Amino acid sequence: MLAIALAVTTGAIVLGAQPPAAEVTYRFTYATPGDDMVTIEMEWSEPLRDAAPLVMPRAIPMGYGEQHYDAFVSNVEAFAGATASAAPAREEGPRWRLAAGTTRVRYRVNLREMEREVRAASDASRVRDGYLGALGYSVFAFVDGFEARPTLLRVEGPSGWPVFCTLSPRWPVTPDPLDGRAPNFYALADAQIVLGPRAQLRRLAEAPAPLYLAAYAEGEVDLDRLGTLAATAYQRVIDYFGTVPFRHYTVHQELLTPISPRHEYGMSMEHLDSSTYYLAASSGLTARSTADDDARVLYNFAHHIAHAWVPKRAYGIGYFPFQWELAPVLDSIWFAEGFGQYAAIVAVGAGMPDPAAYRQRMLERRFRANVTSAPDFLKRLTLVDLSRVASTRYAEDFRTGRLVFSRGGLMAAALDERIQAETKGAKSLRDALRFLVVWSERERRAFRNEELPWLIEEATGVDTRAIMDEWMAPVPVGK
Ligand SMILES: [Zn+2]
Numbered sequence: 184m185l186a187i188a189l190a191v192t193t194g195a196i197v198l199g200a201q202p203p204a205a206e207v208t209y210r211f212t213y214a215t216p217g218d219d220m221v222t223i224e225m226e227w228s229e230p231l232r233d234a235a236p237l238v239m240p241r242a243i244p245m246g247y248g249e250q251h252y253d254a255f256v257s258n259v260e261a262f263a264g265a266t267a268s269a270a271p272a273r274e275e276g277p278r279w280r281l282a283a284g285t286t287r288v289r290y291r292v293n294l295r296e297m298e299r300e301v302r303a304a305s306d307a308s309r310v311r312d313g314y315l316g317a318l319g320y321s322v323f324a325f326v327d328g329f330e331a332r333p334t335l336l337r338v339e340g341p342s343g344w345p346v347f348c349t350l351s352p353r354w355p356v357t358p359d360p361l362d363g364r365a366p367n368f369y370a371l372a373d374a375q376i377v378l379g380p381r382a383q384l385r386r387l388a389e390a391p392a393p394l395y396l397a398a399y400a401e402g403e404v405d406l407d408r409l410g411t412l413a414a415t416a417y418q419r420v421i422d423y424f425g426t427v428p429f430r431h432y433t434v435h436q437e438l439l440t441p442i443s444p445r446h447e448y449g450m451s452m453e454h455l456d457s458s459t460y461y462l463a464a465s466s467g468l469t470a471r472s473t474a475d476d477d478a479r480v481l482y483n484f485a486h487h488i489a490h491a492w493v494p495k496r497a498y499g500i501g502y503f504p505f506q507w508e509l510a511p512v513l514d515s516i517w518f519a520e521g522f523g524q525y526a527a528i529v530a531v532g533a534g535m536p537d538p539a540a541y542r543q544r545m546l547e548r549r550f551r552a553n554v555t556s557a558p559d560f561l562k563r564l565t566l567v568d569l570s571r572v573a574s575t576r577y578a579e580d581f582r583t584g585r586l587v588f589s590r591g592g593l594m595a596a597a598l599d600e601r602i603q604a605e606t607k608g609a610k611s612l613r614d615a616l617r618f619l620v621v622w623s624e625r626e627r628r629a630f631r632n633e634e635l636p637w638l639i640e641e642a643t644g645v646d647t648r649a650i651m652d653e654w655m656a657p658v659p660v661g662k
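Whatever position you read off the sequence shown (first residue = 1), add 183 for the numbering used here.
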């Protein structure tokens with residue numbers, strides 16, 4: 184029950200005690216197979232009182248970097264009721280100026296060009312033969328000031344094309360237009376749309392909330408094997424956190440023929456109710472994959488599913504509300520990435536014959552080896568300074584991303600050990616993370632780094648300040 188309540192009240196975080204703001208309706212239309220473009224329409228009932236900017240996202244939630252999605256937008260039109268206004272003028276940044284009185288906007292987004300220009304496959308939407316896969320933040324704009332408004336989305340594909348959206352998965356999947364609701368722009372932008380006869384859609388689990396697999400493969404892949412691993416990871420992470428903060432969850436995987444040697448495949452991304460895995464066509468799980476491959480894929484699923492709790496629903500400052508035009512400078516990536524991954528390690532390990540051995544092996548492989556091999560100039564940064572540096576180049580210069588999550592992961596492990604030792608095994612870091620998820624939902628805000636030891640103590644009765652201070656400091660020479 185708690186789970187459903189959490190999902191439904193996400194929108195109230197911003198709305199607070201204010202009367203509910205008017206809804207914004209979005210329409211996503213992909214009209215003709217083979218077309219490069221999608222058309223987006225946005226509409227709201229109350230005409231704009233003053234001129235306001237229309238904004239395309241550049242920053243990606245948890246992307247720790249920027250993509251200039253506005254570069255692929257064209258044909259921006261604004262309307263006041265049924266009347267077309269002058270074409271909105273382009274402004275500095277990812278903005279267009281909407282005139283007072285505007286109630287509707289229409290624009291097009293070129294997905295073919297986006298895939299060509301954005302070299303990180305996990306940041307791009309794409310159209311390919313018989314298939315479309317779209318990331319919400321790469322296609323949906325917002326009117327500045329409307330971010331907290333609830334949104335209604337209608338998705339329409341070419342005649343006969345199955346329509347799937349992570350906001351409101353429909354089962355069985357049909358080609359009819361699909362409607363979905365999001366409590367705010369963040370939830371809309373964090374959703375994905377999957378269309379086309381070459382999409383392979385499966386329902387992997389019914390409970391505790393339906394789990395879907397949306398796959399598109401240009402290479403060999405064993406979807407049964409992949410689906411089993413996704414369902415296992417899903418269940419273990421749910422068991423770890425003890426709550427289900429979404430009404431459904433989707434694993435979206437694309438196996439793609441690289442479009443140039445400079446394009447990068449293999450990064451995954453977490454979202455509120457889904458996670459996305461955009462890989463090179465040759466890296467699918469097949470009948471010839473090894474037990475090690477299975478273990479790697481299982482952990483990767485668990486890692487990104489765990490982010491639905493940490494930090495999507497328990498987060499430091501800057502994660503939510505989110506700043507869309509410039510990647511925010513964040514002080515707590517070590518928590519989001521390190522603690523999230525540590526939770527995934529313990530969650531996955533719980534299903535292993537020897538959980539302690541798995542944990543040790545993963546701490547060594549995922550975290551300790553990265554700290555040892557990191558360049559000294561990054562080790563000399565405090566964890567907050569490293570987090571700030573990684574905020575805008577986490578993946579682009581992965582030395583920063585890898586070190587910030589590794590130091591955070593080792594801190595989580597040290598905290599877990601201390602909590603278990605002092606409570607003689609009665610409590611663990613898991614209790615602190617569960618507490619934090621409930622606290623975040625109740626307080627409807629981000630925690631400040633200084634509050635974390637206090638919150639952990641409240642949850643477990645253990646004072647962990649000294650350990651946190653130690654791990655926030657630069658890495659000692661020689662470590
Ligand atoms: Zn992560």
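For each residue, glycine too, the CB sits at the ideal point set by N, CA and C.
Just so we're clear, the structure is a prediction, and the values are computed from it rather than from any experiment.
DSSP three-state assignment for residue i, whether helix, strand or coil
i      : result
Gly363 : strand
Gln250 : coil
Glu437 : strand
Leu315 : strand
Leu198 : Model confidence at Leu198 stands at a pLDDT of 42, short of 50, so the residue's coordinates are unreliable; what they give is reported in the following sentence. In the structure shown, Leu198 sits in a helix (DSSP, three-state: H, G or I).
Ser321 : helix
Ala263 : strand
Ser465 : helix
Thr208 : strand
Pro358 : coil
Phe429 : coil
Arg289 : strand
Trp492 : coil
Gly564 : Position check: residue 564 holds Leu in this sequence, whereas Gly was assumed. DSSP places Leu564 in coil when its eight states are reduced to three.
Thr193 : For Thr193, the predicted model reports a pLDDT of 41, less than 50, meaning its position is unreliable; a value from the coordinates is still stated below. Thr193 falls in the coil class under three-state DSSP.
Met545 : helix
Thr583 : helix
Nearest neighbour of residue i, chosen from the options [CA to CA]
i      : options                        : result
Gly523 : His486, Pro504, Met594, Gly319 : His486
Arg210 : Glu403, Pro355, Thr440, Trp227 : Trp227
Glu579 : Arg273, Ala365, Leu394, His446 : His446
Met655 : Ala609, Ser589, Trp622         : Ser589
Gln418 : Glu437, Val404, Ala388         : Ala388
Asp475 : Arg613, Glu626, Arg544         : Arg544
Pro444 : Pro380, Val301, Met594, Ala470 : Val301
Arg479 : Tyr541, Lys495, Ser515         : Tyr541
Ala254 : Ala365, Gly264, Met297, Ile442 : Met297
Gly328 : Gln506, Lys610, Pro558         : Gln506
Ala214 : Leu237, Pro428, Tyr314, Thr426 : Tyr314
Gly340 : Trp354, Gly316, Phe550, Glu330 : Gly316
Val660 : Thr555, Leu294, Ile650         : Thr555
Val434 : Gly534, Glu401, Ala470, Leu394 : Leu394
Glu206 : Val427, Arg648, Pro366         : Pro366
Gly534 : Ile421, Arg549, Gly449         : Ile421
Val645 : Tyr290, Leu598, Asp537         : Leu598
Limits of the unbroken beta strand (DSSP E) element including residue i
i      : result
Ser125 : The shown model of the chain, from 184 to 662, leaves out residue 125, and the question about it has no answer.
Pro236 : 235-238
Glu274 : 272-274
Ile500 : Element bounds for Ile500: n/a, residue is neither H nor E.
Leu387 : 383-388
Phe347 : 346-348
Terminal residues of the alpha helix (DSSP H) in which residue i lies
i      : result
Glu447 : Segment: none, Glu447 is in no alpha helix (DSSP H) and carries neither H nor E.
Trp637 : 635-643
Val512 : Looking at the DSSP string, Val512 is not in any alpha helix (DSSP H), and its letter there is neither H nor E.
Ile243 : Per DSSP, Ile243 belongs to no alpha helix (DSSP H) and is neither H nor E.
Tyr577 : Premise fails: Tyr577 is in no alpha helix (DSSP H) and is neither H nor E.
Environment of residue i [buried if 16+ CB atoms lie within 10 Å]
i      : result
Gly276 : exposed
Arg332 : buried
Lys607 : exposed
Val191 : With a pLDDT of only 38 at Val191, under the threshold of 50, the placement of this residue in the model should not be trusted; the figure read from the coordinates follows. When all chains shown are included, Val191 counts as exposed.
Leu468 : buried
Trp492 : buried
Glu520 : buried
Lys495 : buried
Thr575 : buried
Ser570 : buried
Arg625 : exposed
Phe424 : buried
Q) Any chance the segment 318-325 sits against the segment 372-385, with 3 or more Cβ pairs inside 8 Å? A) yes
(Q) With three or more beta-carbon pairs closer than 8 Å as the criterion, would you say the segment 366-373 touches the segment 396-412? (A) no
(Q) So, does the segment 280-288 touch the segment 220-236, judging by three or more C-beta pairs under 8 Å? (A) yes
Q.
Could you check whether the segment 245-255 touches the segment 340-358, counting it as contact only if at least three pairs of C-beta atoms, one from each stretch, sit closer than 8 Å?
A. no
(Q) Pairs of beta-carbons, one from the segment 626-643 and one from the segment 593-612, closer than 8 Å: are there three or more? (A) yes
(Q) Between the segment 452-462 and the segment 434-441, can you find at least three pairs of beta-carbon atoms closer than 8 Å? (A) yes
Q | the segment 620-634 / the segment 498-506 touching (three or more Cβ pairs under 8 Å) | A | yes
Q) Below 8 Å, can you find three or more Cβ-Cβ pairs linking the segment 389-397 to the segment 326-342? A) no
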